[in-house]
Amino acid sequence: MSTTTAAAGTAAAAATTASALTVEEWARRARKAAAELGVSTTQQRNDALTAMAAALQANEDELLSANARDVEAARAAGTNEGLIDRLMLDHARLVGCADALLQLREFPDVLGEVIDRRTISGGVEMEQIRVPLGVVGMIYEARPNVTVDSAGIALKTGNAILLRGGSLARHSNDALIAVLREALASTGLPEDCICPIDATSRETSAALMGARGLIDVLIPRGGAGLIAAVVEQSKVPVIETGSGNCHIYIERTADVERATAIVVNAKCQRPSVCNAAESLVIDRAALSSLLPPIVRALRERGVTIVADSESYPVCAQTLDEDGLAGGDGDGDGSVVAGLEHATEADFAAEYLDLTISVKVVEDYREAVEHINRYSTHHSEAIITSDEAAADYFLARVDSAAVYANASTRFTDGGEFGLGAEIGISTQKLHARGPMGLRALTSSKYLLHGAGQVRA
Numbered sequence: 020m021s022t023t024t025a026a027a028g029t030a031a032a033a034a035t036t037a038s039a040l041t042v043e044e045w046a047r048r049a050r051k052a053a054a055e056l057g058v059s060t061t062q063q064r065n066d067a068l069t070a071m072a073a074a075l076q077a078n079e080d081e082l083l084s085a086n087a088r089d090v091e092a093a094r095a096a097g098t099n100e101g102l103i104d105r106l107m108l109d110h111a112r113l114v115g116c117a118d119a120l121l122q123l124r125e126f127p128d129v130l131g132e133v134i135d136r137r138t139i140s141g142g143v144e145m146e147q148i149r150v151p152l153g154v155v156g157m158i159y160e161a162r163p164n165v166t167v168d169s170a171g172i173a174l175k176t177g178n179a180i181l182l183r184g185g186s187l188a189r190h191s192n193d194a195l196i197a198v199l200r201e202a203l204a205s206t207g208l209p210e211d212c213i214c215p216i217d218a219t220s221r222e223t224s225a226a227l228m229g230a231r232g233l234i235d236v237l238i239p240r241g242g243a244g245l246i247a248a249v250v251e252q253s254k255v256p257v258i259e260t261g262s263g264n265c266h267i268y269i270e271r272t273a274d275v276e277r278a279t280a281i282v283v284n285a286k287c288q289r290p291s292v293c294n295a296a297e298s299l300v301i302d303r304a305a306l307s308s309l310l311p312p313i314v315r316a317l318r319e320r321g322v323t324i325v326a327d328s329e330s331y332p333v334c335a336q337t338l339d340e341d342g343l344a345g346g347d348g349d350g351d352g353s354v355v356a357g358l359e360h361a362t363e364a365d366f367a368a369e370y371l372d373l374t375i376s377v378k379v380v381e382d383y384r385e386a387v388e389h390i391n392r393y394s395t396h397h398s399e400a401i402i403t404s405d406e407a408a409a410d411y412f413l414a415r416v417d418s419a420a421v422y423a424n425a426s427t428r429f430t431d432g433g434e435f436g437l438g439a440e441i442g443i444s445t446q447k448l449h450a451r452g453p454m455g456l457r458a459l460t461s462s463k464y465l466l467h468g469a470g471q472v473r474a
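What the sequence shown shows, in our numbering, is residues 20 to 474, in sequence order.
Here it is in structure tokens:
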């Protein structure tokens, strides 16, 4: 049997397993598994992470073949390259998934961690400790690495997890989950700590959102439409992981080389991810000096500039002078390749592609107002040499991660030293920013007495 045929068979078998049970049945299985996992030892969970990482590497050919089927189907359907980049697995990315599991293994166990300890009235000894949330449901789109990261972080924190990926990645996710479940079982932990939910039916998402009492928390991860639908419709408590309309603000005192390097990195390094910059904001006083080199650098990398009325002529003239414009060559910007006029909707857009909007403001105060209005509260950055401007920006921008003179691409669980993340929360309750191990825990109070009664 060929590798491709074997992969197809495994993925098909996994898909059959997922669709054979209802969401409620999977949730009940997960709840039973969570009860056992929640009292497992650190060593047991770490051994399972080791086995899961090894299984990914041992089954690389099978997993990459399953992913190739998804990529081929996505391209045939006309899916844009940004989404295909998110969907695609290769040797390096699969190794990265395995390494993330091994890194999680090395993190200290947060379960049982004492948050507070004191003696309360009557001499009762009280401890507040970290405990698992219980059963976590994930609804996410075309990123197979999310399958592995989510399973790993859930396992490390003693949570069972229901994984409902997008149909675009169904063969990849089916194969990955089958491999991870088998690895779990080999270590003696219940394979139902990781449960597949059928991605071919929209009804499964609705069922997850309605499973209050069986699922403790639901985490949507994907585009703005998916997240909004889950937040608005779910009866299960939701941790909102927001889309990323991330801003880079160029303040008038910014160093041109630093500003250019940061904008290029934030926009171009990996444009399809949520911490990539989508919006460029610049001071009016810096238009002629700072915007042209940034525009040149972006256009050289294939970025489409969507400019407001003030920045458009500067962009057009820059591109025309450099021979990058195409068009009519008169510098008025009437026809310029790779340059478009911004609408109101562009300032709120998450492009997930090589496109960036440009907005001109008077100063850092107006920049903050603009960003807080249009931001998805993910990640924003100011590039400046003015300490007062930086302090004002850092204090007043209402986002999960706010930078001075650094790229928004650092907003990531691994970069923040949290290990694999299960998402980047843009809400304010329970968790905000990259969600590491502690974000998947709750707490409970343990109280030890010697016969005390309350007076």
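By construction, the Cβ of each residue, glycine as well, lies at the ideal position given by its N, Cα and C atoms.
Evaluate G141 with the Cβ neighbour count: other Cβ atoms within 10 Å of its Cβ, from every protein chain shown; 16 or more gives buried, anything less gives exposed. exposed
Measure the C-alpha to C-alpha separation of E91 and G452 and round it to an integer number of angstroms. In a straight line, the C-alpha of E91 is about 34 Å away from that of G452.
Straight-line CA distance for R457 to D410? 29 Å
For Q147 and V133, what's the separation of their Cα atoms in angstroms? 6 Å
Can you tell me where the alpha helix (DSSP H) with R189 in it begins and where it stops? 189 to 205
Paired residues, beta bridge with V133 - DSSP: I148
Sorted by chain position, which residues of the same chain lie with C-beta nearer than 7 Å to L465's C-beta, five sequence neighbours on each side aside? E146, I148
Could you name each continuous beta strand (DSSP E) segment of 3 residues or more that falls completely within the segment 218 to 302, going from the start of the chain to the end? 236 to 240, 265 to 269, 296 to 302
Excluding five sequence neighbours on each side, which residues of the same chain lie with their C-beta closer than 7 Å to the C-beta of R415? V387
Does the Cβ of H190 have 16 or more other Cβ atoms within 10 Å, making it buried, or fewer, making it exposed? buried
Using only the alpha-carbon positions, how far apart do L195 and D211 sit? Rounded to the nearest angstrom, the two C-alpha atoms are 14 Å apart.
Quick one, are the C-beta atoms of V322 and L373 less than 8 Å apart? yes
If I measure Cβ to Cβ from A74 and keep anything under 6 Å in the same chain, skipping five residues before and after, which residues do I get? V198, A202
Give a yes or no on whether the C-beta atoms belonging to R94 and I103 are separated by under 8 Å. yes
According to the Cβ coordinates, are I258 and G156 closer than 8 Å? no
How should H110 be labelled, buried or exposed, when 16 other C-beta atoms within 10 angstroms of its C-beta is the threshold for buried? Flag for H110 reads exposed.
Looking only at its own chain, which residues have a Cβ that is under 6 Å from the Cβ of A420, when we skip the five neighbours before and after it? Excluding residues within five positions, the ones whose Cβ falls inside 6 Å are S398, T430, G452.
With DSSP as the reference, please indicate the residues paired to M157 in a beta bridge. L182, I238
Residue environment, S308, which counts as buried when at least 16 other CB atoms sit within 10 Å: So S308 ends up on the exposed side.
Environment of G432 [buried if 16+ CB atoms lie within 10 Å]: buried
Looking at the unbroken alpha helix (DSSP H) that takes in C116, where does it start and where does it end? 110 to 125
Residue of R136, R162, A408 minimising C-alpha distance to G242: R162
In whole angstroms, give me the CA-to-CA distance for V472 and E144. Our two residues, V472 and E144, have alpha carbons roughly 13 Å apart in a direct line.
Count the other CB atoms, across all protein chains shown, that sit within 10 Å of the CB of D193; report buried if there are 16 or more and exposed otherwise. buried
Over what stretch of residues does the alpha helix (DSSP H) that includes K175 continue unbroken? Start and end: 163 to 175.
Buried versus exposed, by CB contacts within 10 Å (16 or more), D347: Reliability of the predicted coordinates at D347 is poor, the pLDDT of 46 falling under 50, and no value is obtained from them.
Relative to the alpha-carbon of G153, which residue among F435, H467, K463 has its alpha-carbon at the smallest distance? K463
With a threshold of 8 Å, are at least 3 pairs of Cβ atoms found where one atom belongs to the segment 274 to 282 and the other to the segment 361 to 372? no
Whether or not the segment 390 to 405 and the segment 219 to 226 are in contact is what I'm after, with contact meaning three or more pairs of Cβ atoms, one per stretch, closer than 8 Å; do they touch? no
Endpoints, the beta strand (DSSP E) within which T374 is located: 374 to 380
Where does A423 fall in DSSP's three states? Residue state, collapsed to three classes: strand.
Can you confirm whether the segment 174 to 183 touches the segment 245 to 256 when touching is taken to mean that 3 or more C-beta pairs between the two stretches lie within less than 8 Å? no
Of the choices N86, Q446, I443, N424, whose alpha-carbon is the least far from that of D274? The shortest C-alpha separation from D274 is found at N424.
Go through its chain and collect everything with a Cβ distance to T427's Cβ below 6 Å, but skip five positions before and after it. If the five residues before and after T427 are omitted, its C-beta is found closer than 6 Å to the C-beta atoms of C265, A285, N294, A296, S398, A400, all from its own chain and listed in chain order.
Between S298 and S376, is the Cβ-Cβ spacing less than 8 Å? yes
In angstroms, rounded to a whole number, what distance separates the CA positions of D351 and Y383? Residue confidence for D351 is low, a pLDDT of 49 falling below 50, so the modelled location carries little weight; the figure read from the coordinates is stated next. Going from the Cα of D351 to the Cα of Y383 covers about 28 Å.
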